Amino acid sequence: MPIYAPTLPPAPDLHQGQPPFLVLMRFDFTRLWRQKIGRFFSFGFLLLLLVKVGWIYVKFLLQTNPALKGVEELARTVISQGPEFQAKLLDPATYLLWFLVALVGGGLVARDTLYRVRPLMYAHPVSPKDYLLAKLGFASLLPFLVLLPFAILPWLLSLLLAGLHGPVWATVPLRLLPAMAISSALMGSLAVGASSMAATPRAGIGWVLGLVLGSSTLASMIHGLTGITAVDALNPIMLAETWPQLLVGMDHPLVAWLPAVLGTAFHISLWTFVAARRTRPSEAVI
Amino acid sequence: MISLNRASLRYGPILGLSPTSFELPDGGGITGLLGPNGAGKSSLLQLLSGLLPPSGGEVRVFGEAPFRNPAVLARLGLVPEGDRLPTGLRADRWLRMMGELSGLSGEALNAAVASALATVGMADRAHLTFTRMSKGMRQRIRLAQALMHGPELLILDEPFNGLDPEARLTLMALLRSLAEKGTRILVSSHILGEIAQLTDRILLLFRGRLLAEGSVTEIRQLLDRHPVELRLTGEAQVLARWAVEQPELAALRVEDGAVVISVRSPREILPRLQKAAAEGGIPLQALDPLDLNLDAVFQYLTKDHA
């Protein structure tokens, strides 16, 4: 009787799941949600959101309640309802968001570097593009999703309470959503670029904070020395704050249109390039 | 299954792997990739697992170039060196993610995770976080992630590093059982004994060059310039008298109740020895090759190429 070499059982049916970048992004989101830091920031942003929504309601009362007519004039001077108010719907969430991006995004690539996870992933049908897309997608989508209720809920509440004449413009989502997308892409690319240069998650946090604060300080110094305001476009904090101002049409935004476009493009392309270089398979030595 | 045709790998000015050629056939079995640190083992494994393209020559796995080739990557499993995995993560959740990266989903994914965990003996401990696992357990989880998609080729880089003897034996038994079921396994190590226990088929690398390929005995036979030491146990004086008449004898020493002879071309002297013993010409009680082991082979080969 002939002896046959053993044969493997049929391999499971592959190519039926989601694209790898979506799998990785989903994994990072669920992981963050399960961590204490995810719950802590969710609680923090929820509190901020309640304050914002409460503020809209106060404004509505000031406008409609006859008993409060006396303080309405005062309120009008204290609380602007023009473009500034619309742009500030995202404040101070943007500042807190930088900390979230630093704490979460800082470890995004660095953790995989420390634990040598990338060679494992690249040995599956995952390309470096998939990996980079997943990390950039997560780091950019996170701030966007956090900011989303800050733009949508006050707008909805204002529409419900006062229709088109409420304190929040009816067109605010059309203006704030693109601004949030640009600011989030800026934050995400910077976080992923910084994280890719770090060897540990903690170092990644340091890199993000160092890059954000360092470039801000540098821009402020050059601005102070030369008086050229366009240099502020190097400051990522200022850029993230500027985009809502530009898109709601504020008269005096922190950074003008052209420097803001150039500065944002510079940061996004530079940090995406750095991340792409640092996550190549040749960097993922086994 | 694997063929290298003068494949080389450079890291800038540094040569990681000199032009190397060899072939591994289809079907199951274990091949050991042996060499000291810096010999080029990891470079070779990176070429085979598609992490890097060759700087020169050609690498073929399943008949195709493996670099960034999903068709090849879907058929191989890689267990890189090291036992560290992200802290705080539950093993089963991480495994599911890795399975999804291979294209598994739904019931197929559930079945693959359960099967891989059962194979590595971690089915009841997969809910633990990596922080709470021992090195051996983490190594088994790393092996499970490479097994989920049913690979035909399994590549392991230094899988026994840091494992205690019991975990090492368990892992060896597991690899043997996978090989018996038809998986081709390529395992690297710089520990000679580990490879010798696991397999007889060896690729010997040293300073980025493939020194030898084959079984320990085959490789040893290539080394005619190095005499083989044989211990002949029996009446020492009679055995010594017989040995000095042999033209292949290079050296001889008498020990208590035995003679140790160094001979060139053992293939020629051994049949004569066997015949003489069978005919009662020499009182031979036992024959032990003293340096037909991997340590000796390795030392000889590396000494020649140093």
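Protein sequences, first through last, are from chains A and B.
Going letter by letter, the first sequence gives residues 226 to 511 in my numbering.
Going letter by letter, the second sequence gives residues 5 to 310 in my numbering.
Using N, Cα and C, we set each Cβ at its ideal position, and we do this for glycine too.
Note that the structure is predicted; figures quoted are calculated from it, not measured.
Does DSSP put residue i in a helix, in a strand, or in coil?
| i | result |
| --- | --- |
| L89(B) | coil |
| E249(B) | coil |
| E170(B) | helix |
| I511(A) | Since pLDDT at I511(A) reaches only 47, below the 50 mark, its modelled position is unreliable, and the value read off the structure follows with that caveat. Correct three-state label for I511(A): coil. |
| L495(A) | helix |
| L434(A) | helix |
| A312(A) | helix |
| E272(B) | helix |
| I377(A) | helix |
| T237(B) | strand |
| Y229(A) | Model confidence at Y229(A) stands at a pLDDT of 48, short of 50, so the residue's coordinates are unreliable; what they give is reported in the following sentence. Coil at Y229(A), not helix or strand. |
| L55(B) | coil |
| G67(B) | coil |
| P23(B) | strand |
| P155(B) | coil |
| A290(B) | strand |
| S109(B) | coil |
| D476(A) | coil |
| Q243(A) | coil |
| G331(A) | coil |
| T133(B) | strand |
| G279(A) | helix |
| G263(A) | helix |
| T504(A) | coil |
| G285(B) | coil |
When the Cα of residue i is compared with those of the options, which residue comes out closest?
| i | options | result |
| --- | --- | --- |
| G391(A) | F252(A), Y356(A), T255(A), Y282(A) | Y282(A) |
| V65(B) | S193(B), D128(B), I34(B), L158(B) | L158(B) |
| G488(A) | A424(A), P308(A), A458(A) | A458(A) |
| T504(A) | R336(A), W380(A), V456(A), L373(A) | R336(A) |
| S507(A) | S22(B), S53(B), A11(B) | S53(B) |
| L173(B) | G197(B), M5(B), N9(B) | G197(B) |
| V276(A) | L315(A), L438(A), L257(A) | L315(A) |
| V486(A) | A364(A), L411(A), W496(A), P426(A) | L411(A) |
| K284(A) | F310(A), R264(A), K261(A), S267(A) | F310(A) |
| L370(A) | I407(A), T442(A), P478(A) | I407(A) |
| L113(B) | A122(B), L21(B), L99(B) | L99(B) |
| F491(A) | L464(A), W258(A), S383(A) | L464(A) |
| A327(A) | R264(A), M346(A), L415(A) | L415(A) |
| V397(A) | V473(A), V499(A), P244(A) | V473(A) |
| P362(A) | M250(A), M422(A), P244(A), L450(A) | Per the sequence shown, residue 362(A) should be read as Gly rather than Pro. If we check each option's Cα against that of G362(A), M250(A) comes out closest. |
| S420(A) | L247(A), T255(A), R264(A), L339(A) | L339(A) |
Bridge partners for residue i per DSSP, in chain order?
| i | result |
| --- | --- |
| Y15(B) | I18(B) |
| F210(B) | R213(B) |
| V486(A) | Paired residues: none, contrary to the question. |
| S266(B) | E233(B), A255(B) |
| N4(B) | Because residue 4(B) is not part of the residues shown, which for chain B are 5 to 310, the question remains open. |
| D161(B) | S192(B) |
| T35(B) | L190(B), R205(B) |
| L117(B) | A small fix is needed here, since residue 117(B) is Val in this sequence, not Leu. Paired residue(s): none; V117(B) is not in a bridge. |
| R94(B) | T133(B) |
| G197(B) | Answer is none; G197(B) lacks a bridge partner. |
| L80(B) | L157(B) |
Since residue i meets chain A, which of its residues come closer than 7 Å, beta carbon to beta carbon?
| i | result |
| --- | --- |
| P84(B) | R341, P344, L345, I511 |
| R72(B) | S352 |
| L56(B) | P506, S507 |
| S219(B) | By Cβ distance, chain A contributes nothing, its closest Cβ being about 18 Å from S219(B), past 7 Å. |
Give the residues of chain A in contact with residue i, contact being defined as C-beta atoms less than 8 Å apart.
| i | result |
| --- | --- |
| M101(B) | V248, L249, F252 |
| A244(B) | By Cβ distance, chain A contributes nothing, its closest Cβ being about 45 Å from A244(B), past 8 Å. |
Run down chain B in chain order and give the residues with a C-beta less than 8 Å from the C-beta of residue i.
| i | result |
| --- | --- |
| R336(A) | P90 |
Using a cut-off of 7 Å between C-beta atoms, extract the partners of residue i located in chain B.
| i | result |
| --- | --- |
| G242(A) | E104, G107, L108, S109 |
| P245(A) | L105 |
Under 9 Å between beta-carbons, which chain B residues line up against residue i? List them in chain order, please.
| i | result |
| --- | --- |
| A424(A) | The premise fails here: A424(A) is roughly 13 Å from chain B at the closest Cβ pair, so nothing lies under 9 Å. |
Just checking my contact of residue i with residue j at CB under 8 Å: how many whole Å lie between their CB atoms?
| i | j | result |
| --- | --- | --- |
| L189(B) | I199(B) | Checking the sequence shown, residue 189(B) turns out to be Ile, not Leu. Not quite, the Cβ-Cβ distance comes to about 12 Å (not below 8 Å), so this is no contact. |
| P344(A) | L55(B) | 6 Å |
| E62(B) | A11(B) | 6 Å |
| L167(B) | G140(B) | 5 Å |
| F270(A) | L321(A) | 7 Å |
If the cut is a Cβ gap below 9 Å, which residues of chain A does residue i touch?
| i | result |
| --- | --- |
| L196(B) | In chain order: nothing, as chain A lies at least about 22 Å away. |
| L77(B) | Y347, A348, H349, P350, V351 |
| A177(B) | Those within 9 Å of A177(B) in chain A number zero; the least Cβ separation is about 17 Å. |
| A120(B) | Within chain A, no residue comes near A120(B); the closest Cβ sits about 11 Å away, beyond 9 Å. |
| S12(B) | Residues of chain A passing the Cβ test: none, with the nearest at roughly 15 Å. |
Looking at residue i and the ligand FMN, is the gap between the Cβ and the nearest heavy atom below 8 Å?
| i | result |
| --- | --- |
| P58(B) | As far as ligands go, the structure on display features none, and thus does not contain the ligand FMN. |
**Study point:** Near-chain D residues of the region 127 to 161 of chain B (beta-carbon distance less than 7 Å), N- to C-terminal order
**Key:** Among the protein chains in the structure shown, which are A and B, there is no chain D.
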